[in-house]
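Asker:
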Amino acid sequence: MQETLMSIWGLFLSAFISSTVAPGGSEAVLAYMVSQGHFQTQNLVIVATLGNTLGAMTTWGLGMFTAKKFPIANLLSEKKQNALNIVKKRGIWVLFFSWLPIVGDALCFAGGWLKLPLVPACLIILLGKLGRYAVIAWVLI
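Heads up: the sequence shown begins at 3 in this note's numbering, then just goes up one per residue.
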(Lines of atoms letter the chains of each structure in order from A and count residues from 1; the text may use other names and numbers.)
(Lines give C-alpha, C1' and ligand atoms only; values in the text may rest on other atoms or scores of the structure.)
Protein backbone atom coordinates (compact mmCIF):
# COMPACT_ATOMS: atom_id res chain seq x y z
CA MET A 1 0.00 0.00 0.00
CA GLN A 2 2.72 2.49 0.98
CA GLU A 3 4.76 1.59 -2.11
CA THR A 4 1.70 2.24 -4.29
CA LEU A 5 1.12 5.61 -2.68
CA MET A 6 4.79 6.56 -3.08
CA SER A 7 4.69 5.62 -6.77
CA ILE A 8 1.61 7.76 -7.39
CA TRP A 9 3.12 10.70 -5.48
CA GLY A 10 6.34 10.24 -7.45
CA LEU A 11 4.42 10.56 -10.72
CA PHE A 12 2.55 13.60 -9.42
CA LEU A 13 5.76 15.34 -8.27
CA SER A 14 7.55 14.49 -11.50
CA ALA A 15 4.68 15.98 -13.49
CA PHE A 16 4.52 19.05 -11.25
CA ILE A 17 8.25 19.74 -11.47
CA SER A 18 8.25 19.12 -15.22
CA SER A 19 5.74 21.91 -15.66
CA THR A 20 7.59 24.54 -13.68
CA VAL A 21 10.81 26.24 -14.64
CA ALA A 22 12.78 23.12 -13.63
CA PRO A 23 13.37 20.40 -16.23
CA GLY A 24 11.78 17.02 -15.70
CA GLY A 25 10.78 13.82 -17.41
CA SER A 26 7.23 13.08 -16.38
CA GLU A 27 6.50 11.45 -19.73
CA ALA A 28 9.15 8.82 -19.03
CA VAL A 29 7.79 8.22 -15.53
CA LEU A 30 4.26 7.85 -16.91
CA ALA A 31 5.46 5.54 -19.69
CA TYR A 32 7.31 3.34 -17.20
CA MET A 33 4.33 3.12 -14.86
CA VAL A 34 1.91 2.33 -17.68
CA SER A 35 4.23 -0.36 -19.04
CA GLN A 36 4.45 -2.01 -15.60
CA GLY A 37 0.68 -2.55 -15.54
CA HIS A 38 0.37 -2.17 -11.76
CA PHE A 39 -2.03 0.76 -11.98
CA GLN A 40 -5.06 1.62 -14.06
CA THR A 41 -3.86 3.70 -16.98
CA GLN A 42 -6.59 6.32 -16.69
CA ASN A 43 -5.67 6.93 -13.04
CA LEU A 44 -2.03 7.48 -14.01
CA VAL A 45 -3.07 9.91 -16.75
CA ILE A 46 -5.25 11.82 -14.28
CA VAL A 47 -2.48 12.05 -11.67
CA ALA A 48 0.10 13.20 -14.24
CA THR A 49 -2.34 15.71 -15.74
CA LEU A 50 -3.23 17.21 -12.36
CA GLY A 51 0.41 17.47 -11.30
CA ASN A 52 1.46 19.01 -14.60
CA THR A 53 -1.48 21.44 -14.61
CA LEU A 54 -0.75 22.58 -11.05
CA GLY A 55 2.88 23.10 -12.02
CA ALA A 56 1.80 25.16 -15.01
CA MET A 57 -0.50 27.24 -12.84
CA THR A 58 2.43 27.84 -10.48
CA THR A 59 4.38 29.21 -13.43
CA TRP A 60 1.29 31.25 -14.42
CA GLY A 61 1.23 32.66 -10.86
CA LEU A 62 4.92 33.52 -11.06
CA GLY A 63 4.19 35.45 -14.26
CA MET A 64 1.39 37.36 -12.56
CA PHE A 65 3.56 38.09 -9.51
CA THR A 66 6.48 39.19 -11.69
CA ALA A 67 4.25 41.56 -13.68
CA LYS A 68 3.18 43.25 -10.43
CA LYS A 69 6.73 43.63 -9.14
CA PHE A 70 8.41 44.41 -12.47
CA PRO A 71 5.83 45.75 -14.95
CA ILE A 72 8.42 46.59 -17.59
CA ALA A 73 8.36 43.78 -20.19
CA ASN A 74 11.96 44.57 -21.17
CA LEU A 75 13.13 42.75 -18.04
CA LEU A 76 12.05 39.41 -19.52
CA SER A 77 14.37 37.00 -21.28
CA GLU A 78 14.03 36.74 -25.06
CA LYS A 79 12.17 33.40 -24.74
CA LYS A 80 9.62 34.89 -22.33
CA GLN A 81 9.35 38.06 -24.42
CA ASN A 82 8.53 35.94 -27.51
CA ALA A 83 5.97 33.93 -25.54
CA LEU A 84 4.42 37.16 -24.26
CA ASN A 85 4.05 38.43 -27.82
CA ILE A 86 2.53 35.10 -28.99
CA VAL A 87 -0.03 35.10 -26.17
CA LYS A 88 -0.87 38.77 -26.83
CA LYS A 89 -1.38 38.04 -30.52
CA ARG A 90 -3.15 34.66 -30.32
CA GLY A 91 -5.06 34.98 -27.06
CA ILE A 92 -5.87 32.59 -24.26
CA TRP A 93 -6.27 29.50 -26.49
CA VAL A 94 -2.53 29.41 -27.13
CA LEU A 95 -2.22 28.07 -23.56
CA PHE A 96 -3.52 24.76 -24.91
CA PHE A 97 0.03 24.28 -26.20
CA SER A 98 1.58 24.67 -22.75
CA TRP A 99 2.53 20.99 -22.97
CA LEU A 100 5.13 21.74 -25.65
CA PRO A 101 8.75 21.43 -24.58
CA ILE A 102 10.74 24.64 -24.14
CA VAL A 103 7.97 27.13 -24.99
CA GLY A 104 5.20 25.68 -22.81
CA ASP A 105 6.50 27.09 -19.54
CA ALA A 106 7.04 30.47 -21.15
CA LEU A 107 3.45 30.47 -22.47
CA CYS A 108 2.11 29.85 -18.96
CA PHE A 109 4.37 32.58 -17.56
CA ALA A 110 3.11 34.96 -20.27
CA GLY A 111 -0.50 34.07 -19.47
CA GLY A 112 0.07 35.08 -15.85
CA TRP A 113 1.99 38.19 -16.86
CA LEU A 114 -0.95 39.27 -19.05
CA LYS A 115 -3.37 38.42 -16.23
CA LEU A 116 -5.47 36.14 -18.41
CA PRO A 117 -8.58 34.87 -16.60
CA LEU A 118 -7.54 32.18 -14.10
CA VAL A 119 -10.29 29.57 -14.52
CA PRO A 120 -10.40 29.56 -18.36
CA ALA A 121 -6.60 29.53 -18.49
CA CYS A 122 -6.44 26.60 -16.08
CA LEU A 123 -9.05 24.62 -18.04
CA ILE A 124 -7.33 25.23 -21.38
CA ILE A 125 -3.95 24.23 -19.93
CA LEU A 126 -5.52 21.13 -18.38
CA LEU A 127 -7.03 20.07 -21.72
CA GLY A 128 -3.71 20.36 -23.51
CA LYS A 129 -1.83 18.43 -20.86
CA LEU A 130 -4.54 15.76 -20.62
CA GLY A 131 -4.33 15.27 -24.38
CA ARG A 132 -0.56 14.84 -24.28
CA TYR A 133 -0.59 12.30 -21.43
CA ALA A 134 -3.53 10.41 -22.96
CA VAL A 135 -1.64 10.02 -26.23
CA ILE A 136 1.48 8.81 -24.42
CA ALA A 137 -0.55 6.26 -22.45
CA TRP A 138 -2.52 5.17 -25.54
CA VAL A 139 0.68 4.50 -27.48
CA LEU A 140 1.88 2.22 -24.69
CA ILE A 141 -1.29 0.21 -24.15
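Glycine is no exception: its CB is placed at the ideal position from the N, C-alpha and C atoms.
All of these numbers come straight from a predicted model, not from anything done at the bench.
How do the stretch 101–115 and the stretch 37–53 stand: do at least 3 beta-carbon pairs fall below 8 Å, yes or no?
Answerer: Because the criterion of three Cβ pairs below 8 Å is not met, the stretch 101–115 and the stretch 37–53 do not touch.
Asker: Just to confirm before moving on: does the CB-CB distance between Ala139 and Leu13 stay below 8 Å?
Answerer: Cβ atoms of Ala139 and Leu13: not closer than 8 Å.
Asker: Could you say which of Ser21, Val36, Ala30, Leu46 lies nearest to Trp11 if we only look at CA atoms?
Answerer: Trp11 has its Cα closest to that of Leu46, out of Ser21, Val36, Ala30, Leu46.
Asker: Would you identify the three-state DSSP class for Ile88, choosing helix, strand or coil?
Answerer: Note: Ile88 maps to helix in three-state DSSP.
Asker: Would you say the stretch 104–115 touches the stretch 76–90, given that touching needs at least three Cβ pairs under 8 Å?
Answerer: Enough Cβ pairs lie closer than 8 Å, so yes.
Asker: Do Gly65 and Ile19 come within 8 Å of each other at the CB atom, strictly closer than that value?
Answerer: Contact flag unset, no.
Asker: Taking only the alpha-carbon atoms, compute the straight-line gap between Glu29 and Ala17 and give it to the nearest angstrom.
Answerer: C-alpha separation (whole angstroms): 8 Å.
Asker: What first and last residue would you give for the alpha helix (DSSP H) that runs through Gly63?
Answerer: That run of the alpha helix (DSSP H) goes 43–71.
Asker: Using only CA atoms, which one of Thr43, Tyr34, Glu5, Ile126 lies nearest to Gly93?
Answerer: Minimum Cα distance to Gly93 is reached at Ile126.
Asker: Give every residue of the same chain whose Cβ lies closer than 8 Å to the Cβ of Leu15, excluding the five residues on either side of it in the sequence, and list them in chain order.
Answerer: The residues are Gly53.
Asker: Excluding five sequence neighbours on each side, which residues of the same chain lie with their C-beta closer than 6 Å to the C-beta of Leu128?
Answerer: Within the same chain, Leu128 has close Cβ partners Thr55.
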